[in-house]
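A.B. asks: Per my numbering, the very first residue in the sequence shown carries number 3; after that it's consecutive.
All C-beta atoms in this analysis are idealised placements derived from N, C-alpha and C, irrespective of residue type, glycine included.
Just dropping this structure here.
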Amino acid sequence: MTKKAKKGGAKLRSEEWFGRHDRDAFVHRSWMKNQGFPHDLFESRPVIGICNTWSEVTPCNAHFRELAEHVKYGVLDEGGFPLEFPVMSLGETMMRPTTMLFRNQVAMDVEESIRANPFDGVVLMMGCDKTTPALLMGAASCDLPTIGLSGGPMLNGRYRGETIGSGTHTWKFTEALKLGTMKMSELPEAEACMSRSAGHCMTMGTASTMASMVEALGMGLPTNAAIPAVDSRRKVLARMVGRRIVQMVREDLRMSKILTKEAFENAIMVNGAIGGSTNAVVHLLAIARRVGVNVTLDDWDRLGQSMPCLVNLMPSGDFLMEDFYYAGGIPVVVKEIGRFLHKKALTVNGSSIWDNSKDAVNYDERVITPVAKPFKPQGGIAVLRGNLAPQGAVLKPSAATPKLMKHKGRAVVFEDIDDLHRRIDDPKLDVKPDDILVLKNCGPKGYPGFPEVGNFALPAKILKQGVTDMVRISDARMSGTAYGTVVLHVSPEAAAGGPLALVQNGDVIELDVERRKLQLHVTSAELSRRKAKWKKPPPHADRGWVKLYCDTVLQADEGVDLDFLAGKSGAKVGRPSH
Ligand code: FES
């Protein structure tokens, strides 16, 4: 086998564009040559698409243009031909109403961009929250050899001598402002102290969780998750990714060979061990549907139940991603929980997850605790069911207040986010600390887009009593950087006519996390009476993406993909355009 050839001498996909002796190949090569590519790059070299989510309005990915250059060096080192292409980016802190409304749109962009172009393999450049699942979903539906490259977390935040974490301290500062212990005039300094470098949120929020999932699924090279964005070793990793993807094309190592049921089960267990974000639930369900692997909410509950949380990172703990990298990162976590994992699961470097991790050394047991002495006894995601959530709801025990995980209380209901904003801080609001706050119409169809509002701040009058947590229930998600006894992803959502829509002020709700129960203590006859009076909310749009999304989006227990996007179509070369 020559360095340029594919395993078994099979033809490269890109040769349908560049390797022919006809007018179409002339057109494909000639126009590309306007960028200064020498002719030999078009001769039977694996063409590697570098899918870049760089954008100045996605600050977490703003360093991606430079990082992509290092991927290109690696591709060229190994005899490939790198071609960078953009897809829509999703800036979590910028986009309204919520980036999650557009995750599936980006996945479609990625899928069609890969399929329509002359790529033999793909590098996915991902960072800010939704960019990771969106790119994995789109690429999975094409099933070419693919590696995920995360952009890395920001450096630790530091404010007036205190270590502060992205997002996590946003919630803390919000509460301090409500309490009057922080002034508005202090915010500009705090803003700069929180976001000190390129990279994504450095707490164990959704971005860090999903970068960890990339590694745990076997879709990234070891240490992908934690190297800080500005550490020179992130550039080295990018270069190694560039080299490895060319080899993967030669080996025909496709995504579907890596994303097996075992890989998803490993990722779910690693999510428990790192105290990962609840958002990983919907994203992994959606990715699994694309590759045709059956992963359900029950897998999350089954595999998470016994998994201790080892990683002491905010929002549940004290440290940040930079500390996690110095302690050893995901390979140490994998080594610690190895006895639970599918050790033989294949990863993109051609070795098993266990072979990649078995020699990892834990350099700081304050950050990654040994499994025999875990940071928290329960790290997984609890899946709750009952007449309030017939298709399930989720709660993150490691972020919750232990005494509230078994609680019965009176419902204080907000019909939607506007109602919440209008009344939550009203001194006349009838609310007591042991009530349960219920927020409706914030699910995939309801908001629309399934925003991260489930961890809404407590009423000011409650905070002033020194109370820091109450049970909150909604059909929304919550930021991975948030904390609290928060029941999320209630399915079916209120806007789809789920029982959540029928809850009224004063109803009694019972939460029992140990028994996985979420029960509305209202008779079924009364619920039927209320259902008969329920009216579907008016549509959010009569055209465009929002209409397509609202008409076809699945519920949280199915991953919130569009119903017609399940599965994969491969990467068959289409007809020429001329
Ligand atoms: Fe981009 Fe948190 S805002 S990862």
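Under 8 Å between the Cβ atoms of residue 350 and residue 222?
C.D. replies: For the purposes of this step, residue 350 is taken as residue 348 along the sequence shown, with counting starting at 1. For the purposes of this step, residue 222 is taken as residue 220 along the sequence shown, with counting starting at 1. The answer is yes: Cβ separation under 8 Å.
A.B. asks: Quick one: does the C-beta of residue 202 sit closer than 7 Å to a heavy atom of ligand 1?
C.D. replies: Against the sequence shown, residue 202 aligns to sequence position 200. Residue 202 Cβ: within cutoff of ligand 1.
A.B. asks: For residue 500, which of 462, 522, 513, 507 has the nearest alpha-carbon?
C.D. replies: Translated into positions along the sequence shown, residue 500 becomes position 498. Comparing alpha carbon positions, the residue from 462, 522, 513, 507 closest to residue 500 is 522.
A.B. asks: Give a yes or no on contact between the segment 43-62 and the segment 71-88, applying the rule of three or more CB pairs nearer than 8 Å.
C.D. replies: yes
A.B. asks: According to DSSP, is residue 17 helix, strand or coil?
C.D. replies: By one-based count along the sequence shown, residue 17 stands at place 15. Residue 17: helix per DSSP, three-state reduction.
A.B. asks: With burial defined as no fewer than 16 other Cβ atoms inside 10 Å of the residue's Cβ, what is the status of residue 37: buried or exposed?
C.D. replies: Walking along the sequence shown from the start, residue 37 turns up at place 35. By the neighbour-count rule (16 or more Cβ atoms within 10 Å), residue 37 is not buried but exposed.
A.B. asks: DSSP three-state label for residue 570, please.
C.D. replies: As a first step, residue 570 is located in the sequence shown; it is residue number 568 there, counting from the start. Reduced to three states, the DSSP call for residue 570 is coil.
A.B. asks: Output the distance between the C-alpha atoms of residue 124 and residue 196, rounded to the nearest integer angstrom.
C.D. replies: Within the sequence shown, the letter at position 122 stands for residue 124. Within the sequence shown, the letter at position 194 stands for residue 196. Approximately 33 Å, taken between the alpha carbons.
A.B. asks: Counting C-beta neighbours from all protein chains within 10 Å, is the total for residue 315 16 or more, i.e. buried, or is it exposed?
C.D. replies: By one-based count along the sequence shown, residue 315 stands at place 313. Buried: at least 16 other Cβ atoms inside 10 Å.
A.B. asks: Report yes or no: do the segment 132-140 and the segment 284-303 share at least 3 C-beta pairs separated by less than 8 Å?
C.D. replies: Enough Cβ pairs lie closer than 8 Å, so yes.
A.B. asks: Just verifying my parser: in three-state terms, what is the DSSP assignment at residue 333?
C.D. replies: Residue mapping note: residue 333 aligns to position 331 of the sequence shown, counting from 1. Correct three-state label for residue 333: helix.
A.B. asks: Can you grab the Cα-Cα spacing for the pair residue 307 / residue 402, in whole Å?
C.D. replies: The count along the sequence shown starts at 1 and reaches residue 307 at position 305. The count along the sequence shown starts at 1 and reaches residue 402 at position 400. If you draw a straight line from the Cα of residue 307 to the Cα of residue 402, it comes to about 15 Å.
A.B. asks: Pick helix, strand or coil for residue 195, following the three-state DSSP scheme.
C.D. replies: Position 193 of the sequence shown, counted from the start, is the residue given in the question as residue 195. Helix, per DSSP.
A.B. asks: Determine, using beta-carbon pairs with one atom in the segment 378-385 and one in the segment 471-482, whether at least three such pairs fall under 8 Å.
C.D. replies: no
A.B. asks: Nearer than 7 Å: is that true of the beta carbon of residue 195 relative to any heavy atom of ligand 1?
C.D. replies: Counted from its first residue, the sequence shown places residue 195 at position 193. For ligand 1, not one heavy atom lies less than 7 Å from the Cβ of residue 195.
A.B. asks: Classify residue 477 as buried or exposed, calling it buried when 16 or more other Cβ atoms lie within 10 Å of its own Cβ.
C.D. replies: Translated into the one-based positions of the sequence shown, residue 477 becomes position 475. By the neighbour-count criterion, in which 16 or more other beta carbons inside 10 Å mark a residue as buried, residue 477 falls on the buried side.
A.B. asks: Using the C-alpha atoms, what's the distance from residue 106 back to residue 325?
C.D. replies: Residue numbering aside, residue 325 sits at position 323 when the sequence shown is read from its first letter. Residue numbering aside, residue 106 sits at position 104 when the sequence shown is read from its first letter. Straight-line Cα distance between these residues: approximately 33 Å.
A.B. asks: Helix, strand or coil: how does DSSP classify residue 249 here?
C.D. replies: Along the sequence shown, read from residue 1 onward, the residue named residue 249 stands at position 247. Note: residue 249 maps to helix in three-state DSSP.
A.B. asks: When the Cα atoms are used, what is the spatial distance from residue 488 to residue 456?
C.D. replies: The residue labelled residue 488 in the question sits at position 486 within the sequence shown. The residue labelled residue 456 in the question sits at position 454 within the sequence shown. Spanning the two alpha carbons is a distance of roughly 7 Å.
A.B. asks: Could you round the C-beta distance between residue 206 and residue 158 to whole angstroms and report it? I think they count as a contact, below 8 Å.
C.D. replies: Along the sequence shown, read from residue 1 onward, the residue named residue 206 stands at position 204. Along the sequence shown, read from residue 1 onward, the residue named residue 158 stands at position 156. Contact flag wrong, Cβ pair sits at about 13 Å.
A.B. asks: Helix, strand or coil for residue 221 per DSSP?
C.D. replies: Walking along the sequence shown from the start, residue 221 turns up at place 219. For residue 221, the secondary structure class from DSSP, reduced to helix, strand or coil, is coil.
A.B. asks: Alpha carbon to alpha carbon, how far is residue 22 from residue 94? Give it in angstroms, no decimals.
C.D. replies: If you number the sequence shown from 1, residue 94 lands on position 92. If you number the sequence shown from 1, residue 22 lands on position 20. Linking residue 94 to residue 22 through their CA atoms gives a straight-line distance of about 43 Å.
A.B. asks: Is the distance from the Cβ of residue 156 to the Cβ of residue 168 below 8 Å?
C.D. replies: Taking the first residue of the sequence shown as 1, we reach residue 156 at position 154. Taking the first residue of the sequence shown as 1, we reach residue 168 at position 166. Yes, these two residues count as a Cβ contact at 8 Å.
A.B. asks: Taking residue 348 as the reference, give the member of 411, 404, 260 with the closest Cα.
C.D. replies: The sequence position of residue 348 within the sequence shown is 346, counting from 1. Residue 260 is the option with its Cα nearest to residue 348.
A.B. asks: Verify the contact flag: residue 94, CB atom, against every heavy atom of ligand 1, threshold strictly below 7 Å.
C.D. replies: To locate residue 94, count along the sequence shown from 1; it is residue 92. Yes.
A.B. asks: Select from 120, 99, 136, 122 the residue whose C-alpha is nearest the C-alpha of residue 112.
C.D. replies: In the sequence shown, counting from the first residue as 1, residue 112 sits at position 110. Considering only alpha carbons, the answer is 136.
A.B. asks: Between which two residues does the alpha helix (DSSP H) carrying residue 462 extend?
C.D. replies: Counting from one through the sequence shown, the residue named residue 462 turns up at place 460. Start and end: 462-465.
A.B. asks: Taking residue 549 as the reference, give the member of 446, 526, 490 with the closest Cα.
C.D. replies: Here residue 549 refers to the residue found at position 547 of the sequence shown. Residue 446 holds the alpha-carbon nearest to the alpha-carbon of residue 549 among 446, 526, 490.
A.B. asks: Would you say the beta carbon of residue 436 is closer than 7 Å to some non-hydrogen atom of ligand 1?
C.D. replies: Translated into positions along the sequence shown, residue 436 becomes position 434. Residue 436: no, Cβ never under 7 Å from ligand 1.
A.B. asks: For a test of your reading of the model: does the CB of residue 153 fall under 7 Å from any non-hydrogen atom of ligand 3? Yes or no.
C.D. replies: Looking at this structure, you won't find ligand 3 anywhere; what it does contain is ligand 1.
A.B. asks: Assuming contact is defined by CB atoms lying nearer than 8 Å, are residue 293 and residue 318 in contact in what I supplied?
C.D. replies: By 1-based counting over the sequence shown, the position of residue 293 is 291. By 1-based counting over the sequence shown, the position of residue 318 is 316. It is not a contact, given that the beta carbons lie outside the stated cut-off.
A.B. asks: To which residues of the same chain is residue 42 closer than 7 Å at the C-beta, ignoring the five residues directly before and after it?
C.D. replies: Stepping through the sequence shown from its first residue, residue 42 is reached at position 40. So the list is empty, once near-sequence residues are dropped.
A.B. asks: Can you list, in chain order, the residues of its chain with a C-beta nearer than 7 Å to that of residue 31? Leave out the 5 residues immediately preceding and following it.
C.D. replies: Along the sequence shown, one-based indexing puts residue 31 at 29. Excluding residues within five positions, the ones whose Cβ falls inside 7 Å are 20, 44.
A.B. asks: For the alpha helix (DSSP H) holding residue 105, just list the boundary residues, first then last.
C.D. replies: By 1-based counting over the sequence shown, the position of residue 105 is 103. Taken as a continuous stretch (DSSP letters only), the alpha helix (DSSP H) holding residue 105 covers 105-118.
A.B. asks: With a floor of 4 residues, list each alpha helix (DSSP H) that falls wholly inside the segment 349-408, ordered by position along the chain.
C.D. replies: 355-359
A.B. asks: Does the segment 87-102 come close enough to the segment 52-66 that 3 or more CB-CB pairs lie under 8 Å?
C.D. replies: yes
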